[in-house]
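S.K.: In the working numbering, the protein residues as written are 603 to 799.
Quick reminder that beta carbons are idealized off the backbone N, C-alpha and C, glycines included.
I'd like to ask some things about the structure below.
Written out as structure tokens, the structure is:
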């Protein structure tokens, strides 16, 4: 429950204590394109005995990529009705990782490349998940008020990153972002040599 309280405090979500991420069982797959109304999405690297699952009600998953060696995997999805986008990236590393090391490595390699001015909210690490949230006021001088929220999980030698973005972000939309983040969980599975269709 401390994980829930810290996450609620971080994203400023009222009533968030009723939603707690559960590291519980689920299924692993990278299936054909999933359409709006899909409740969950699972991602599992070949050879790993677990997957990461996230609930994405109403999202269309329209792009999935697995690298030939099976060491990285990614997906992109969207909810056009509200202009919210989600992506998830899983990558095997050469040594054991933690959620914090995954987050720190992400920002060292990719998080500071955008030339746009940003208001950055201090990173936080509630329980097993490390977070970073930032607001991008404009793009090339055009106001967009785009919020980017990143969640990071680390297990064994695998980093998982989820990125949720919303243009013209409004405070009430914090709840949906929080619900997505709170649903991230590990699911114990049998190791696979190839992705399950």
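Is there contact between the segment 693 to 713 and the segment 755 to 762, where contact requires at least three CB pairs shorter than 8 Å?
M.R.: In short, these stretches touch, since the Cβ pair count reaches three.
S.K.: So what does DSSP say about residue 688, is it helix, strand or coil?
M.R.: strand
S.K.: Check each candidate in 784, 747, 679 and 701 and name the one with the smallest Cα separation from residue 754.
M.R.: 701
S.K.: Could you give the DSSP three-state label for residue 780: helix, strand or coil?
M.R.: helix
S.K.: Rounded to the nearest angstrom, what separates residue 680 and residue 698 at their Cα positions?
M.R.: Cα to Cα, residue 680 sits roughly 32 Å from residue 698.
S.K.: Grouping DSSP H, G and I as helix and E and B as strand, with all else coil, what is residue 740?
M.R.: strand
S.K.: Based on Cα-Cα distance, which residue from 649, 655, 647 and 645 lies nearest to residue 784?
M.R.: 655
S.K.: CB residue 744 to CB residue 769, shorter than 8 Å?
M.R.: no
S.K.: Output the distance between the C-alpha atoms of residue 748 and residue 790, rounded to the nearest integer angstrom.
M.R.: Each residue's Cα considered, the two are about 35 Å apart.
S.K.: Please report the distance separating the alpha-carbon of residue 772 from that of residue 737.
M.R.: 11 Å
S.K.: Leaving out five residues on either side along the sequence, give the residues of the same chain with a beta carbon under 8 Å from the beta carbon of residue 664.
M.R.: Excluding residues within five positions, the ones whose Cβ falls inside 8 Å are 635, 678, 679 and 680.
S.K.: For a minimum of 4 consecutive residues, which ranges assigned as the alpha helix (DSSP H) are wholly contained in the segment 645 to 714?
M.R.: 701 to 708
S.K.: Round the Cβ separation of residue 756 and residue 704 to the nearest angstrom and send it over; I've been treating them as touching at under 8 Å.
M.R.: The pair is a contact, with the Cβ atoms about 4 Å apart (cut-off 8 Å).
S.K.: From the DSSP output, in three-state form, read off residue 792 for me.
M.R.: In this structure, residue 792 counts as coil in the three-state DSSP scheme.
S.K.: Check the DSSP bridge columns for residue 749 and list the partner residues they point to.
M.R.: According to DSSP, residue 749 bridges with 737 and 768.
S.K.: Answer yes or no: do residue 667 and residue 676 have a C-beta to C-beta separation smaller than 8 Å?
M.R.: yes
S.K.: Compute the Euclidean distance between the alpha carbons of residue 650 and residue 774, then round it to the nearest angstrom.
M.R.: 37 Å
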